[in-house]
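Here the numbering used here = 1-based position in the sequence shown + 340.
In this text, a Cβ means the ideal position worked out from N, Cα and C, and glycines have one as well.
The structure appears below as structure tokens.
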Amino acid sequence: MGNKIICIGREFGSGGHEIGLKLSEALGIHAYEKDILHLAARYGELRVETLEAADEQAANPMLFQTVHEGNRHVLRGLPTSEVLFDLQCHEIRRIAASESAIFIGRCADSVLRDTDAQLLRVFITAPFNFRVQRKMLLENLSAGKAKHLVKLMDKQRRRYYEHYTHQRWGDPKNYDLVIDSSVTSVDEAVALLKRRYEEL
Numbered sequence: 341m342g343n344k345i346i347c348i349g350r351e352f353g354s355g356g357h358e359i360g361l362k363l364s365e366a367l368g369i370h371a372y373e374k375d376i377l378h379l380a381a382r383y384g385e386l387r388v389e390t391l392e393a394a395d396e397q398a399a400n401p402m403l404f405q406t407v408h409e410g411n412r413h414v415l416r417g418l419p420t421s422e423v424l425f426d427l428q429c430h431e432i433r434r435i436a437a438s439e440s441a442i443f444i445g446r447c448a449d450s451v452l453r454d455t456d457a458q459l460l461r462v463f464i465t466a467p468f469n470f471r472v473q474r475k476m477l478l479e480n481l482s483a484g485k486a487k488h489l490v491k492l493m494d495k496q497r498r499r500y501y502e503h504y505t506h507q508r509w510g511d512p513k514n515y516d517l518v519i520d521s522s523v524t525s526v527d528e529a530v531a532l533l534k535r536r537y538e539e540l
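Shown next, in the form of structure tokens:
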């Protein structure tokens with residue numbers, strides 16, 4: 341049996357990031373999110389600036405940049421988002437093979453599906469208005485700006501996940517556990533996930 345891995349998918353504003361970080365602390369294992377971008381850039385010997393605009397983005401078939409730099413690990417000539425996804429897949433698999441960890445986003449549940457990792461696939465959700473209110477409070481946004489941001493980021497995450505996994509984003513059938521953060525507090529979610537992790 342491989343290492344224990346928690347893969348957290350999340351709607352924007354649902355608190356998935358916060359839950360992932362607190363769970364990391366509770367379990368004493370690393371939570372990978374944005375740092376996967378930096379590891380991918382290092383693996384491909386590319387500048388982070390070359391890749392960061394494509395982070396968790398599906399390629400736009402009408403408008404995209406291609407990558408012609410980096411080392412032999414880089415799929416040159418492809419859209420930046422495709423290059424980044426390929427490099428991130430390598431890093432996600434490498435990490436999962438060497439340690440127990442938490443991955444937040446980045447389609448890790450699909451990337452690790454055919455490995456020997458012991459997966460706990462989780463999706464954090466909440467009603468739209470709850471997430472809007474949460475972003476208004478956390479980022480001091482107007483209602484209009486918060487609504488626009490939540491819709492935009494949900495659309496971006498859905499396109500990214502479905503493009504690379506060919507599965508429906510947020511579909512309960514794709515996960516071992518779906519948590520509604522409007523009725524389950526961050527601490528309750530962490531306690532639940534900690535218990536499920538220890539049962540793997």
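Cut-off 6 Å between Cβ atoms - residues of its own chain near residue i, not counting five sequence neighbours on either side
i           : result
residue 356 : 348, 350 and 464
residue 486 : 472, 475 and 476
residue 360 : 348, 371, 442 and 444
residue 533 : 363
Cβ neighbours of residue i in the same chain (closer than 7 Å, five flanking residues each side left out)
i           : result
residue 468 : 490
residue 380 : 391, 424, 427, 428 and 431
residue 418 : 406 and 407
residue 388 : 377, 378 and 381
Sequence-distant residues of the same chain with beta carbon closer than 8 Å to residue i, five excluded per side
i           : result
residue 341 : 456 and 458
residue 396 : 445, 446, 496, 497 and 500
residue 494 : 351 and 352
residue 526 : 355, 358, 359 and 362
residue 415 : 407, 422, 423 and 426
Residue closest to residue i, alpha-carbon to alpha-carbon, out of the options
i           : options               : result
residue 344 : 414, 461 and 427      : 461
residue 471 : 527, 521, 366 and 380 : 521
residue 385 : 425, 450 and 410      : 410
residue 353 : 466, 407, 428 and 424 : 466
residue 507 : 453, 366, 418 and 527 : 453
residue 376 : 432, 364, 366 and 484 : 432
residue 383 : 518, 368, 423 and 479 : 423
Range covered by the alpha helix (DSSP H) that runs through residue i
i           : result
residue 350 : From DSSP, residue 350 is part of no alpha helix (DSSP H) but of the beta strand (DSSP E) over 344-350.
residue 414 : Here residue 414 belongs to no alpha helix (DSSP H), and DSSP marks it neither H nor E.
residue 407 : Residue 407 -> no alpha helix (DSSP H), and no H or E assigned at all.
residue 371 : Careful: residue 371 lies outside any alpha helix (DSSP H), inside the beta strand (DSSP E) at 370-372.
residue 472 : 468-479
residue 394 : Premise fails: residue 394 is in no alpha helix (DSSP H) and is neither H nor E.
residue 526 : 526-539
residue 361 : 356-367
residue 423 : 420-438
residue 518 : First-last for residue 518: 517-520, but that is the beta strand (DSSP E), not the alpha helix (DSSP H).
Distance CB(residue i)-CB(residue j) smaller than 8 Å
i           : j           : result
residue 346 : residue 435 : no
residue 426 : residue 514 : no
residue 398 : residue 503 : yes
residue 440 : residue 519 : no
Assigned exposure category for residue i - 16 Cβ within 10 Å defines buried
i           : result
residue 373 : buried
residue 406 : exposed
residue 478 : exposed
residue 421 : buried
residue 403 : Reliability of the predicted coordinates at residue 403 is poor, the pLDDT of 49 falling under 50, and no value is obtained from them.
Enclosing beta strand (DSSP E) for residue i [first to last residue]
i           : result
residue 459 : 458-465
residue 490 : First-last for residue 490: 483-505, but that is the alpha helix (DSSP H), not the beta strand (DSSP E).
Residue-level contact to chain B via CB, residue i, 8 Å cutoff
i           : result
residue 395 : Judged by its chain identifiers, the structure shown contains no chain B, having just a single protein chain.
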